[in-house]
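Some notes on the structure that comes next.
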Amino acid sequence: MNDISPEFTEKRKRKRKTMYDELCEDEAVTRTPEELFIASMLQISHRLIMEMSTRFKSLENINDKFGFLNGGQINEMTLDDLKLKAGELADTYKEDLNKKELILEIESFKGFALGVDNNLKTSSASTTLELILKNKLEEMYPNITTGLKIFLTLPVSVATGERSFSKLKLVKNHLRSSMSQQRLTDLSIITIEHKRASNISFDKVIKEFASKKSRKVIIRD
Numbered sequence: 333m334n335d336i337s338p339e340f341t342e343k344r345k346r347k348r349k350t351m352y353d354e355l356c357e358d359e360a361v362t363r364t365p366e367e368l369f370i371a372s373m374l375q376i377s378h379r380l381i382m383e384m385s386t387r388f389k390s391l392e393n394i395n396d397k398f399g400f401l402n403g404g405q406i407n408e409m410t411l412d413d414l415k416l417k418a419g420e421l422a423d424t425y426k427e428d429l430n431k432k433e434l435i436l437e438i439e440s441f442k443g444f445a446l447g448v449d450n451n452l453k454t455s456s457a458s459t460t461l462e463l464i465l466k467n468k469l470e471e472m473y474p475n476i477t478t479g480l481k482i483f484l485t486l487p488v489s490v491a492t493g494e495r496s497f498s499k500l501k502l503v504k505n506h507l508r509s510s511m512s513q514q515r516l517t518d519l520s521i522i523t524i525e526h527k528r529a530s531n532i533s534f535d536k537v538i539k540e541f542a543s544k545k546s547r548k549v550i551i552r553d
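All residue numbers for the sequence shown refer to my numbering, where the first residue is 333 and numbers rise by one.
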């Protein structure tokens, strides 16, 4: 961008002789440097807007699922809307959340917990979790606590295989252009957690892998 000059010099337009079988509108359209610059900037701006919209749309979808869990939303939303949102979230995360218990916890949280600490009435998701732990309410509201933990850790667990990610540049280069997403993800985790990975015993991993893949079953007396 620094190489682009803010001044556009006008060049003399060369006239081309029109042949007998050509019309005036058939003449090639020539644009000035300023017009070319504007057209290029419009294309770049449009592409940036589209990329930003796509990127933030997924985050909006996540917020739409989990947003009701913060104290401010629980305080403002109706109980029926909260139950509906709680049911939809529990259906999405069946292995982590109990639908019936989450709905009951939301009902209790709205009627009781908000009165325990007035700060909960205007708190964000992170502050809500902090206040739940501070007031030792996590055992009373285990599903709400779990839901908030999932919500707050999602941003660091949804990173996809993008070339712009600094660690992926070390893992995926032109020599590994055909690498699958699963292998790329596994190698990325090892690269990111290289300190922990360096302390792993390779012999132990090999033996454990061999024991799981072995077709022979050892029968002990």
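Heads up, the beta-carbon is just placed ideally off N, CA and C, and yes, glycines get one too.
Please state whether DSSP places residue i in a helix, a strand or coil.
i	result
Thr492	Note on Thr492: pLDDT 49, under 50, position unreliable in the model; the coordinate value appears next. Coil, per DSSP.
Ser372	helix
Ile562	Past the edges of the chain, shown from 333 to 553, lies residue 562, and the structure says nothing about it.
Met511	coil
Asn407	helix
Gln531	The amino acid occupying residue 531 in the given sequence is Asn; Gln does not appear at that position. Three-state result, Asn531: coil.
Gly364	Residue identity differs from the one stated: residue 364 is Thr in this sequence, not Gly. If DSSP states are grouped into helix, strand and coil, Thr364 belongs with coil.
Asn395	helix
Would you mind stating whether residue i and residue j have Cβ atoms separated by less than 8 Å?
i	j	result
Thr554	Gly403	Nothing can be reported for residue 554: it is not among the residues displayed for the chain, which extend from 333 to 553.
Leu434	Ile406	no
Ile482	Asp396	no
Leu463	Asn450	no
Leu414	Ile438	yes
Ser458	Leu484	yes
Val448	Asn467	yes
Leu469	Lys442	no
For residue i, which residues of its own chain have a beta-carbon under 6 Å away from its beta-carbon, when the five flanking residues on both sides are left out?
i	result
Leu416	none
Ser303	It is not possible to answer for residue 303, since the shown part of the chain is limited to 333 through 553.
Ala529	Ile522
Glu359	Unreliable placement is indicated for Glu359, whose pLDDT of 48 sits below 50; the coordinate value is still reported in the next sentence. Here the set comprises nothing.
Less than 8 Å between C-beta atoms, sequence neighbours within five positions excluded: which residues of the same chain meet that for residue i?
i	result
Lys431	Ala418, Gly419, Ala422, Asp423
Ile532	none
Tyr473	Glu437, Ser440, Phe441, Ala445, Ile464
Could you name the residues of the same chain whose beta carbon sits closer than 7 Å to that of residue i, not counting the 5 residues immediately before and after it, in chain order?
i	result
Met409	Phe400
Thr478	Asp428, Leu429
Unbroken alpha helix (DSSP H) runs of length 4 or more, entirely within the stretch 413-492: which are they?
431-440, 457-466, 474-489
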